[in-house]
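Structure record follows, encoded as structure tokens.
Protein chains in written order, with the working numbering: chain A, 17 to 388; chain B, 3 to 185.
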């Protein structure tokens with residue numbers, strides 16, 4: 017079975033997984049309103065890291081975050097990152113895209129290539145393998161974990177360091193603004209008054225390995241699936257087709273009552289959350305609690321799948337289902353049990369669900385101690 | 003097992019190793035290939051270059067497979083790799099926001115600033131509900147590509163894959179080397 021060895025989250029809410037969990041459990045969010053930042057004409061609400069002015073340093077802010085997050089997870093796992101039996105997989109949508117801005121002069125432009133950015137990390141750790149970058153829109157973080165599970169299952173590596181990261185910039189914020197996808201206030205996932213998403217900076221790392229025997233407290237990445245809506249490149253399916261199929265694929269013959277919760281994508285755009293409610297109901301999961309963490313972090317893009325998996329593992333470890341910050345009144349047409357406050361659970365498994373542009377969807381079934 | 007293979011560069015097209023006669027080069031060649039070998043999918047003209055290259059390559063591949071069917075299926079995955087991700091569109095989008103005096107961010111360009119859109123275009127065209135994935139490595143590496151494609155068959159639903167390399171640095175510079183692979 018594929019087992020989580022260690023993990024880390026770096027976000028505006030903390031630089032360890034534990035700090036992040038404590039902050040979120042107490043209801044903290046780093047979402048703030050920014051007016052005039054990066055010369056953008058429209059204000060926006062986002063969860064941003066402090067940018068230092070180290071323009072002549074060796075690494076960009078994106079590279080610093082992936083190296084720092086990986087470093088902390090590697091040191092907790094106590095593995096030799098320089099070994100050729102260790103693979104690095106990076107999940108990101110836009111990497112160093114801000115280097116395309118003509119005003120950014122401190123770094124070679126080639127670092128805008130995602131493979132080059134990832135190599136800054138592997139070179140730092142003296143790892144000889146070519147890093148794999150998963151760039152599958154907003155589902156990248158779950159896809160990267162699925163790619164890691166497959167490499168380990170095939171016996172190609174002993175450890176996979178799976179790092180998810182995106183750093184916000186004028187490029188990304190203006191793009192989402194041009195789509196009218198951003199909320200002018202803090203986002204409200206699944207709520208009747210939701211009107212768009214917020215964006216966020218984060219890096220998160222999970223290290224996986226393969227084991228024959230699993231302890232009761234060890235987290236198993238049990239099954240993952242990626243499916244397409246085959247419907248539209250920028251709009252979700254009206255039948256939740258890809259998310260439904262991804263959910264069915266990871267559920268297998270698992271009883272829904274074994275699930276503590278479904279941690280949804282829950283971006284708080286009108287269409288995404290509606291689509292997810294359709295998919296979750298079609299998959300027979302209406303009775304399972306649903307939450308979204310976007311009200312704490314915003315949408316952290318390439319980091320989201322990794323970060324939200326880590327937060328969900330910690331919640332189950334704490335016998336807790338995290339509240340959906342920003343949610344008050346159900347505003348999707350299919351009945352969902354969305355958590356509006358922290359709630360206790362005795363269950364040991366959850367599903368992480370994501371969807372993204374290009375019609376892609378991904379689901380990951382995580383089970384503590386394996387399925388029992 | 004590899005069933006069919008398509009190679010496209012700005013001045014060469016090969017299907018299963020046999021060169022096709024082409025009348026033009028670069029972006030004009032893609033349009034000519036569309037008119038000659040597809041013809042009934044006007045969405046093609048809205049696509050960015052990366053999607054056009056991947057789409058045309060997939061059409062030639064599926065024509066080589068024969069018995070084109072558009073019945074929905076979940077057992078076929080589309081999994082691509084490249085070097086430049088969506089760099090052409092990233093550069094084009096940056097130009098729309100570079101100048102504060104002339105700031106016109108375009109949603110039509112922004113949507114293509116994700117490399118995996120090409121996999122979605124192919125899934126939509128053929129009604130594939132299966133896996134679609136996009137991965138980036140800094141140089142073409144057949145071993146890494148084949149290893150990951152073999153791995154994808156660990157999903158018990160997946161019986162065949164349209165997979166390989168689809169890269170584009172600008173409108174006139176691109177390369178596709180894709181194949182249809184069965185379990």
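Note that CB positions come from ideal geometry on N, CA and C, so glycine has one too.
Rounded separation between residue i and residue j - CA only
i: residue 322 (chain A); j: residue 161 (chain A); result: 8 Å
i: residue 265 (chain A); j: residue 235 (chain A); result: 20 Å
i: residue 392 (chain A); j: residue 205 (chain A); result: Residue 392 (chain A) is absent from the model: chain A starts at 17 and stops at 388.
i: residue 115 (chain B); j: residue 92 (chain B); result: 5 Å
i: residue 363 (chain A); j: residue 32 (chain B); result: 54 Å
i: residue 29 (chain A); j: residue 338 (chain A); result: 16 Å
i: residue 112 (chain A); j: residue 130 (chain A); result: 7 Å
i: residue 96 (chain A); j: residue 137 (chain A); result: 14 Å
i: residue 149 (chain A); j: residue 45 (chain B); result: 29 Å
i: residue 237 (chain A); j: residue 100 (chain B); result: 43 Å
i: residue 5 (chain B); j: residue 40 (chain B); result: 21 Å
i: residue 346 (chain A); j: residue 66 (chain B); result: 50 Å
i: residue 123 (chain B); j: residue 231 (chain A); result: 43 Å
i: residue 360 (chain A); j: residue 74 (chain A); result: 45 Å
i: residue 342 (chain A); j: residue 286 (chain A); result: 14 Å
i: residue 384 (chain A); j: residue 76 (chain A); result: 36 Å
i: residue 25 (chain B); j: residue 175 (chain B); result: 17 Å
i: residue 112 (chain B); j: residue 318 (chain A); result: 17 Å
i: residue 70 (chain B); j: residue 131 (chain B); result: 16 Å
i: residue 126 (chain A); j: residue 138 (chain B); result: 14 Å
i: residue 1 (chain B); j: residue 166 (chain B); result: What is shown of chain B runs 3 to 185, which leaves residue 1 (chain B) out entirely.
i: residue 56 (chain B); j: residue 121 (chain B); result: 8 Å
i: residue 17 (chain A); j: residue 164 (chain B); result: 28 Å
Exposure of residue i, with buried meaning 16 or more beta-carbon neighbours within 10 Å
i: residue 68 (chain B); result: exposed
i: residue 169 (chain B); result: buried
i: residue 243 (chain A); result: buried
i: residue 150 (chain B); result: buried
i: residue 67 (chain A); result: exposed
i: residue 258 (chain A); result: buried
i: residue 57 (chain A); result: exposed
i: residue 209 (chain A); result: exposed
i: residue 117 (chain B); result: buried
i: residue 74 (chain B); result: exposed
i: residue 271 (chain A); result: exposed
i: residue 216 (chain A); result: buried
i: residue 417 (chain A); result: With chain A covering only 17 through 388, there is no way to say anything about residue 417 (chain A).
i: residue 388 (chain A); result: exposed
i: residue 307 (chain A); result: buried
i: residue 252 (chain A); result: buried
i: residue 7 (chain B); result: buried
i: residue 349 (chain A); result: exposed
i: residue 23 (chain B); result: exposed
One or two residues paired with residue i in a DSSP bridge
i: residue 75 (chain B); result: B:130
i: residue 305 (chain A); result: A:353
i: residue 25 (chain A); result: A:220
i: residue 169 (chain B); result: B:177
i: residue 407 (chain A); result: No answer is possible for residue 407 (chain A): it lies beyond the span of chain A, which begins at 17 and ends at 388.
i: residue 262 (chain A); result: The partner list for residue 262 (chain A) (beta bridge, DSSP) is empty, contrary to what the question assumes.
i: residue 240 (chain A); result: A:380
i: residue 135 (chain B); result: B:81
i: residue 83 (chain A); result: DSSP output for residue 83 (chain A) lists no bridge partner at all.
i: residue 359 (chain A); result: A:337
i: residue 253 (chain B); result: Outside the displayed span of chain B (3 to 185) sits residue 253 (chain B), for which this structure offers no information.
i: residue 225 (chain A); result: A:19 and A:175
i: residue 388 (chain A); result: DSSP output for residue 388 (chain A) lists no bridge partner at all.
i: residue 21 (chain B); result: B:16
Whole-angstrom C-beta distance between residue j and residue i, which should lie under 8 Å
i: residue 133 (chain B); j: residue 161 (chain B); result: No, residue 133 (chain B) and residue 161 (chain B) are not in contact; Cβ-Cβ is about 11 Å, not under 8 Å.
i: residue 280 (chain A); j: residue 292 (chain A); result: 5 Å
i: residue 114 (chain A); j: residue 145 (chain A); result: The Cβ separation is near 27 Å, so there is no contact.
i: residue 224 (chain A); j: residue 135 (chain A); result: With 8 Å as the limit, residue 224 (chain A) and residue 135 (chain A) do not qualify as a contact, their Cβ atoms being about 21 Å apart.
i: residue 310 (chain A); j: residue 214 (chain A); result: 7 Å
i: residue 87 (chain B); j: residue 250 (chain A); result: About 18 Å; that fails the 8 Å criterion.
i: residue 129 (chain B); j: residue 246 (chain A); result: 5 Å
i: residue 37 (chain A); j: residue 327 (chain A); result: 6 Å
i: residue 62 (chain A); j: residue 184 (chain A); result: 6 Å
i: residue 240 (chain A); j: residue 378 (chain A); result: 7 Å
i: residue 222 (chain A); j: residue 23 (chain A); result: 5 Å
> Whole alpha helix (DSSP H) runs in the region 319 to 343 of chain A with 4 or more residues, listed along the chain?
Replying inline: 320 to 333
>> Quick check on the DSSP output: what are the complete beta strand (DSSP E) runs of length 3 or more inside the region 86 to 127 of chain A, in order along the chain?
In response: 102 to 107
> If you scan the region 175 to 214 of chain A from start to end, which runs of the alpha helix (DSSP H) of 4 or more residues do you find wholly inside it?
Replying inline: 186 to 194
>> Which complete beta strand (DSSP E) runs does the region 132 to 181 of chain A hold, if anything under 3 residues is left out?
In response: 148 to 150
>> Which complete alpha helix (DSSP H) runs does the region 44 to 107 of chain B hold, if anything under 4 residues is left out?
In response: 51 to 67 and 89 to 99
> Can you give, in chain order, each stretch of the beta strand (DSSP E) that sits fully within the region 21 to 67 of chain A and has at least 3 residues?
Replying inline: 47 to 50 and 60 to 63
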